[in-house]
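J.:
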Amino acid sequence: MIYNVLFLDIFGHNIEKTMRLEYAIDKNDYLIHQLFLASKSERVKKKRQRSKTIFLILFLLLSFLWAMKTQYAIASILAITGILWFFLYPIWERRYYINHYNAFINENYIGIEGKKATIELNNEYIVFKDESSEGRIMTKKIEEIYEIPSHIFIRLNKAQSIILPKERIENIPALIKQLKEITSSAKIRYICDENWQWK
């Protein structure tokens with residue numbers, strides 16, 4: 079549910095427009111957030127690329143050594159294994175990260191399924207409340223806002239974000255407009271990645 083609240087002073091002048099959102103958050107929202115952070119991490123990207131190529135190089139090197147000994151059957155098997163690894167490993171790795179983060183979420187976010195959250199935002203501050211915590215942050219402290227096809231992440235620092243699942247929030251265009259006003263006012267980056275997916 080989404081509300082717009084317009085505060086007026088005693089003369090009826092517009093002081094501040096505050097948007098209030100109510101929505102539920104679940105484990106999948108946390109999973110998408112973790113995968114998104116991993117996809118943007120230079121350390122994780124380098125690790126994934128290294129894991130994919132190092133074994134290809136190793137298998138091709140072994141294949142070359144066996145070919146030098148005229149053991150062409152073994153050399154061919156090693157070369158094919160290396161090439162298959164290069165193309166199939168990313169599929170396994172994607173599932174590995176999903177399982178890894180799911181295990182982490184199941185262990186550390188017990189009882190979050192369907193958890194109700196409320197957020198109030200205007201150009202000056204954001205107030206976030208859920209069943210176990212409450213926080214208020216000045217908008218100028220926001221690092222950046224990311225929009226992907228399914229979610230919006232208001233990044234407060236490298237470890238914390240406010241997660242907004244689009245499918246459970248009414249009037250997303252009004253929310254995006256408000257967030258862009260905030261980013262413009264506070265000189266924060268609003269990054270829209272319409273093609274993002276975990277791969």
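Using the numbering used here, the letters of the sequence shown correspond one by one to residues 79 to 277.
In this text, a Cβ means the ideal position worked out from N, Cα and C, and glycines have one as well.
Do you know how far the Cα of residue 190 is from the Cα of residue 209?
T.: One C-alpha to the other measures close to 9 Å.
J.: Just to check my reading of the structure: residue 140 and residue 163 have Cβ atoms closer than 8 Å, yes? What is that Cβ distance to the nearest angstrom?
T.: At roughly 12 Å, the Cβ-Cβ gap does not stay under 8 Å, so residue 140 and residue 163 are not in contact.
J.: Helix, strand or coil for residue 243? Go by DSSP, reduced to three states.
T.: Reduced to three states, the DSSP call for residue 243 is strand.
J.: Output needed for residue 167: all residues of its chain with C-beta closer than 8 Å, excluding positions within five of it in sequence on either side, in chain order.
T.: So the list reads 129, 130, 133, once near-sequence residues are dropped.
J.: Going straight from the alpha carbon of residue 98 to that of residue 256, what length do you get?
T.: If I take the Cα positions, the gap works out to 11 Å.
J.: On the three-state DSSP scale, how would you describe residue 150?
T.: Of the three classes helix, strand and coil, the one that applies to residue 150 here is helix, per DSSP.
J.: Assign residue 223 to buried or exposed, taking buried as 16 or more other Cβ atoms, counted over all protein chains shown, within 10 Å of its Cβ.
T.: It counts as buried.
J.: Where do the N-terminal and C-terminal ends of the beta strand (DSSP E) with residue 225 fall, by residue?
T.: Run containing residue 225: 222 to 225, per the beta strand (DSSP E) assignment.
J.: Hey, out of 112, 107, 95, 102, whose CA is closest to residue 237's CA?
T.: Checked all of 112, 107, 95, 102; the closest Cα to residue 237 is 112.
J.: If we count the other Cβ atoms within 10 Å of its Cβ and call it buried at 16 or more, is residue 267 buried or exposed?
T.: When all chains shown are included, residue 267 counts as exposed.
J.: Near residue 205, what residues of its chain come up, given a Cβ to Cβ distance below 6 Å and the 5 sequence neighbours on each side ignored?
T.: So the qualifying residues of the chain are 198, 214.
J.: Start and end of the beta strand (DSSP E) containing residue 196?
T.: Residues 193 to 199.
J.: Assign residue 272 to one of three DSSP states: helix, strand, or coil.
T.: If DSSP states are grouped into helix, strand and coil, residue 272 belongs with coil.
J.: Name the residue from 119, 250, 242, 218 whose alpha carbon lies nearest to the alpha carbon of residue 276.
T.: For residue 276, the nearest C-alpha among the options comes from 119.
J.: Rounded to whole angstroms, what's the CA-CA distance from residue 274 to residue 243? Just pull it up for me.
T.: So the alpha carbons of these two residues sit roughly 15 Å apart.
J.: Around the Cβ of residue 195, are there at least 16 other Cβ atoms within 10 angstroms (buried) or fewer (exposed)?
T.: Label assigned to residue 195: buried.
J.: Residues in its own chain within less than 7 Å of residue 116 by CB, not counting five upstream and five downstream?
T.: The answer, listed in chain order, is 122, 175.
J.: What is the DSSP secondary structure of residue 236, reduced to helix, strand or coil?
T.: Note: residue 236 maps to coil in three-state DSSP.
J.: For residue 108 and residue 193, what's the separation of their Cα atoms in angstroms?
T.: When rounded, the distance between both Cα atoms is 12 Å.
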